[in-house]
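Each residue of the sequence shown is one higher than the one before, counting from 1 in full-length UniProt numbering.
By construction, the Cβ of each residue, glycine as well, lies at the ideal position given by its N, Cα and C atoms.
Predicted model, so just to flag it, every value in this text is computed and none were measured.
Below is one structure, written out as structure tokens; the observations come after it.
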Amino acid sequence: MSSPAWAQLRIGMPSGFTGSVAAGVKENAEGARLYLNAVNARGGVHGERIELITVDDQFDPKTTVEVATRLINEQKVLALFLNRGTPHAQALLPLLTEARVPLVGPSTGAMVLHEPVHPWVFNVRATYQREAARAIEHLARIGMARIAVLQTDDTFGADAYAGAARGFAQAKLEPALLAKFPREKPDFTPLARQVAALQAQAVLIIASAGNTAEAVKAIRAAGSLAQVVTLSNNASDGFVKLLGPHARGVIVTQVFPNERSMTSPLIREAMDLAKAQNLPGVSPAMMEGFAAAKVLVEGLRRAGPKPSPEGLRDALEATRGFNLGGLSISYSPTSHTGLDFADLSIIDGSGKFRR
């Protein structure tokens, strides 16, 4: 009996190419293709080209599972890749186990994908909890005590807030306001009024790019000048455009080195490839896709010619000390965490992320 034929090296990316996260998702895919195109131009992996199949899940967890199932059963993808969203990645977990197909580089820092270790999930980026704790610690360190938190009422919001709570505890503070809002069609006007009435010095917004931008606009309309902080899921040029005139001064946590730092081998490689492909540069969201693609390709190389999904999974789990470009990444049967890098950036007057 012959083994299944995976056409070329097919990789499936079911993600929110429309909806509130579309800007960042498109940059994720652009960054991944930046690296994959370069690999294919050099002959691919073991002589086979990598085909990235992107499918819009409309940022809906139910649709994520539906389109991912079709990618596995009809397109015969070797792996799912770079899927955006915590509830969406969680919804995929039973499918990964049943189909025995890995998910590489999910575009979420959800702790549920790290602990307990899921045998079919390979994280690349740091956790949201690490980012949120770092953000609160920074605000406390510069003397801000009245810090409000606006949190999307889903698993992403709950997970990230757990990190923020650790930051508050470390600083011996309590949030001045902790308010949840629905992921779909939230009304930020009453929450913004509360932020203003409390004279909050800062507000941490845990939400998608579209909702975060709307929250910022409402906060400014309410007369509050609070320092706005958000997480790396919004580290995209598209998010800056959504903010418009309110972008300047917004702090965004980051999970990769400064995208303009030529001292970072990872960034320098991406910048050189971007220049060769006539792109103006790279954004943080592109770097997430670029790094995830590097890990994926390394797994495919280690898996050998004509890999199966299980072969790719085994190759990734045996990876130790892979140099991603100044950052080392390792996996084992007891850890699929990947990187632990977290930093802060601020959007400047020209719409660029400054460290």
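- Around alanine 196, the same chain offers Ala222, Gly223 and Ser224 as residues with beta carbons nearer than 7 Å, after the five sequence neighbours per side are excluded.
- When only Cα atoms are considered, histidine 246 and valine 216 end up about 7 Å apart.
- The continuous beta strand (DSSP E) containing methionine 13 extends over residues 9-15.
- Isoleucine 219 sits buried, since 16 or more C-beta atoms from the chains shown fall within 10 Å of its C-beta.
- Taking a C-beta distance under 7 Å as the contact criterion, alanine 209 and leucine 242 qualify as a contact pair.
- The residue from Leu92, Leu204 and Gln75 with its alpha-carbon nearest to that of arginine 134 is Leu204.
- Put simply, the backbone Cα of lysine 185 is about 42 Å away from that of threonine 263.
- Bounds of the alpha helix (DSSP H) holding alanine 140 are 128-141.
- Distances from the alpha-carbon of asparagine 233 to those of Thr212, Gly244, Ala226 and Gln227 put Thr212 closest.
- The C-alpha of alanine 285 lies about 33 Å from the C-alpha of lysine 172.
- Runs of beta strand (DSSP E) with 3 or more residues, each lying fully within the stretch 64-136, are found at 79-81, listed in chain order.
- Per DSSP, glutamate 51 is one residue of the beta strand (DSSP E) stretching across 50-56.
- C-alpha of alanine 270 to C-alpha of proline 190: approximately 43 Å in a straight line.
- Membership of valine 216 in the alpha helix (DSSP H) is indicated by the continuous run 209-221.
- C-alpha of asparagine 83 to C-alpha of proline 182: approximately 21 Å in a straight line.
- In the three-state DSSP reduction, lysine 185 falls in the coil class, being neither helix nor strand.
- DSSP, read as helix, strand or coil, puts alanine 292 in helix.
- The C-alpha of alanine 148 lies about 18 Å from the C-alpha of aspartate 154.
- For the pair of segments examined, the stretch 307-315 was found not to touch the stretch 330-350: the number of CB pairs separated by less than 8 Å stays below three.
- Residue pairing by DSSP puts aspartate 343 in a beta bridge opposite Gln254.
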